[in-house]
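What follows is a short report on a single structure.
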Amino acid sequence: MRDFFGRLFSREEGSKKAAKDRLRLVLVHDRTSLSPHLLDTLKEDLIQTISKYLEIDTEGLEVNIDQEEETMALVASIPIRSVRRGVVAKANS
Amino acid sequence: MAGKVLVVTSGKGGVGKTTTTANLGTGLALLGRRVCLVDADIGLRNLDVVMGLENRIVYDLVDVIEGQCKLRNALIKDKRVENLFLLPAAQTREKDAVTPAQMKELCDTLKQEFDYVLVDSPAGIEHGFRNAIAGADDALIVTTPEVSAVRDADRIIGMLEAHEIRSPKLIVNRIRPDMVKRGDMMDIDDVIEILAIQLIGVVPDDQEVIVATNKGEPVIFDRRTRSGQAYYNIVRRLEGEDVPFMQIGPDGFVERLRRLLSRDVRRRA
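Rendered as structure tokens:
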């Protein structure tokens, strides 16, 4: 009964909400469709840049695009072997 | 001064590109502009029947590009409006008979003669689409308030951007006020929010468009129709006028009565 009145008076959202939500999601994916090749190049660049400051384990490095609901993130896991001494000294001076 | 080349495109097929091209071109010519419509859908010629000019075709776009005829011999003069011409698509040729460079050259030539060159793009994102946008200065994107059409429009916007067409204008076609009201269709704000480009027109779903197309005369000739009025508003916006957007709500009693009466008048006329 309550359900009936709820429907009668509250103008519930129709299928439009589903359309909008699905569209948003699919567009996030469409717009950021990075090719595996692009991801590999990005990985190489990351290694080069980070290696200037840290000694990293390039074998254990992982770079991925994570997608959750409506947001996307670039997630990198980069194991550090050691910090380069020279860099720290230079940055502190 | 050179005119402007506008490509009418959508990605998805069947959303009303050709009808939009025919109506906007006719409307601009009714305002006294010199207009050339170019059907870039090679192999699937359609703009000619929507304009009611199918019996007058002698040469087509491919003939012009291959030098089989002069450009002015291929242009078909509209039978109702002054200053309106159509360059029809080839019907019997493969769509790769033309290159983007050739299309650009053609558009550049046409805009020396005309104020507006409207290019009706084929559906899809392949060769025909690349031809259609090759000579364009700006783009009109037609979509309907449906998931697939909006998704394809988004894709097209990205491709236009890569082609240096950075501020395409959006036309939302076939919106149904009754469905919007009960929450079963995305409204204009929803579509704009998602695509994030400038809106230039809203055309309500209207049976009169089909009636007009059956007869081969663009609906813009009858401004008592809602779609005709909507197209006319877009034309004025293209001309730089600031025209408020039509209220897309279900017809009230007065509106229904007005339409009923005007239809009656039309029948008698």
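Those sequence lines, one after another, are chains A and B.
So in this note's numbering, spot 2 of the first sequence is number 9, and the numbers just go up one at a time.
So in this note's numbering, spot 53 of the second sequence is number 1263, and the numbers just go up one at a time.
Note that the Cβ used here is the ideal one computed from N, Cα and C, for glycine as well.
{"Query": "Kindly indicate which residue of B:Leu1370, B:Asn1383, B:Lys1379 and B:Ala1349 has the alpha-carbon position closest to the one of Asp1416 of chain B.", "Result": "B:Asn1383"}
{"Query": "Between the segment 1220-1228 of chain B and the segment 1273-1288 of chain B, do three or more beta carbon pairs fall short of 8 Å?", "Result": "no"}
{"Query": "Are the Cβ atoms of Ala1250 of chain B and Gly1338 of chain B separated by less than 8 Å?", "Result": "yes"}
{"Query": "So, do the segment 1430-1437 of chain B and the segment 1387-1398 of chain B have three or more beta carbon pairs nearer to each other than 8 Å?", "Result": "no"}
{"Query": "Cα separation between Arg29 of chain A and Leu1409 of chain B?", "Result": "22 Å"}
{"Query": "Alpha helix (DSSP H) containing Ala1342 of chain B: first to last residue?", "Result": "His1337 to Ala1344"}
{"Query": "Please state whether DSSP places Gln1278 of chain B in a helix, a strand or coil.", "Result": "coil"}
{"Query": "Determine whether the Cβ of Leu34 of chain A lies closer than 8 Å to any Cβ atom of chain B.", "Result": "yes"}
{"Query": "Report the three-state DSSP secondary structure of Arg1320 of chain B (helix, strand or coil).", "Result": "Going by the sequence as given, residue 1320 of chain B is Leu instead of Arg. The answer is helix: DSSP assigns Leu1320 of chain B an H, G or I state."}
{"Query": "Mind reading off the beta-carbon distance from Ile1351 of chain B to Ile1381 of chain B? Whole number of angstroms is fine, and I expect it under 8 Å.", "Result": "7 Å"}
{"Query": "Run through DSSP, which three-state label would Ser17 of chain A get?", "Result": "Confidence at Ser17 of chain A is low in this model, with a pLDDT of 46, below 50, so the placement of that residue should be treated as unreliable; the coordinate-derived value is given next. In this structure, Ser17 of chain A counts as coil in the three-state DSSP scheme."}
{"Query": "Please state whether the Cβ-Cβ distance between Val1327 of chain B and Val1445 of chain B is less than 8 Å.", "Result": "no"}
{"Query": "Mark Pro43 of chain A as exposed unless 16 or more other C-beta atoms lie within 10 angstroms of its C-beta, in which case mark it buried.", "Result": "exposed"}
{"Query": "In whole angstroms, what separates the C-alpha of Ser17 of chain A from that of Thr1423 of chain B?", "Result": "Low confidence applies here, because Ser17 of chain A scores a pLDDT of 46, under 50, leaving its location unreliable; read the following figure in that light. Cα to Cα, the separation comes out at about 41 Å."}
{"Query": "State the DSSP-derived secondary structure class of Ser1437 of chain B, mapped to helix, strand or coil.", "Result": "helix"}
{"Query": "Verify the CB distance criterion: does Leu45 of chain A have a CB-CB separation below 8 Å to chain B?", "Result": "no"}
{"Query": "Could you list which residues in chain A have their beta carbon closer than 9 Å to that of Ile1404 of chain B, in chain order?", "Result": "Lys27, Leu30, Arg31 and Leu34"}
{"Query": "For the putative contact between Pro1298 of chain B and Asp1330 of chain B, defined by C-beta atoms under 8 Å, what is the C-beta separation to the nearest angstrom?", "Result": "Incorrect: roughly 10 Å between the Cβ atoms, too far for contact."}
{"Query": "When you compare the CB positions of Asp1288 of chain B and Gly1213 of chain B, do they come within less than 8 Å of one another, or not?", "Result": "no"}
{"Query": "Below 8 Å, can you find three or more Cβ-Cβ pairs linking the segment 1297-1315 of chain B to the segment 1341-1359 of chain B?", "Result": "yes"}
{"Query": "Could you pull the DSSP bridge partners for Thr1353 of chain B from this structure?", "Result": "B:Val1382"}
{"Query": "What residues from chain A crowd round Arg1361 of chain B, counting only those whose CB sits closer than 8 Å?", "Result": "Leu30, Val33, Leu34 and Asp37"}
{"Query": "If you follow the beta strand (DSSP E) that Glu69 of chain A is in, where does it begin and where does it stop?", "Result": "Glu69 to Glu75"}
{"Query": "State the DSSP-derived secondary structure class of Val1216 of chain B, mapped to helix, strand or coil.", "Result": "One point to set straight first is that residue 1216 of chain B is Leu, not Val, in the sequence displayed. Of the three classes helix, strand and coil, the one that applies to Leu1216 of chain B here is strand, per DSSP."}
{"Query": "If you reduce the DSSP assignment to three classes, tell me which class Gln55 of chain A lands in.", "Result": "helix"}
{"Query": "Leaving out five residues before and five after Phe1455 of chain B in sequence, what residues of the same chain have Cβ atoms less than 7 Å from its Cβ?", "Result": "Val1412"}
{"Query": "In the DSSP assignment, find the beta strand (DSSP E) that holds Ile1410 of chain B and state where it starts and stops.", "Result": "Gln1408 to Pro1414"}
{"Query": "With Thr78 of chain A as the anchor, note down where its beta strand (DSSP E) starts and where it stops.", "Result": "Thr78 to Ser84"}
{"Query": "How many Å lie between Glu1371 of chain B and Arg31 of chain A at the Cα?", "Result": "20 Å"}
{"Query": "Report yes if the CB atom of Thr1219 of chain B is closer than 8 Å to the CB atom of Ala1359 of chain B, and no otherwise.", "Result": "no"}
{"Query": "Does the beta carbon of Ser22 of chain A come closer than 8 Å to any beta carbon on chain B?", "Result": "yes"}
{"Query": "Closer than 7 Å by beta-carbon distance: list the chain A residues that pair up with Val1357 of chain B, in chain order.", "Result": "Ala26, Arg29 and Leu30"}
{"Query": "Roughly how many whole angstroms lie between the Cα atoms of Ile72 of chain A and Glu1323 of chain B?", "Result": "51 Å"}
{"Query": "State buried or exposed for Glu19 of chain A, treating a residue as buried only when at least 16 other CB atoms are found within 10 Å of its CB.", "Result": "Any answer about Glu19 of chain A is weak, because its pLDDT of 49 lies below 50 and its placement is not dependable; what the coordinates show is given next. Classification of Glu19 of chain A: exposed, given that the 10 Å Cβ count is below 16."}
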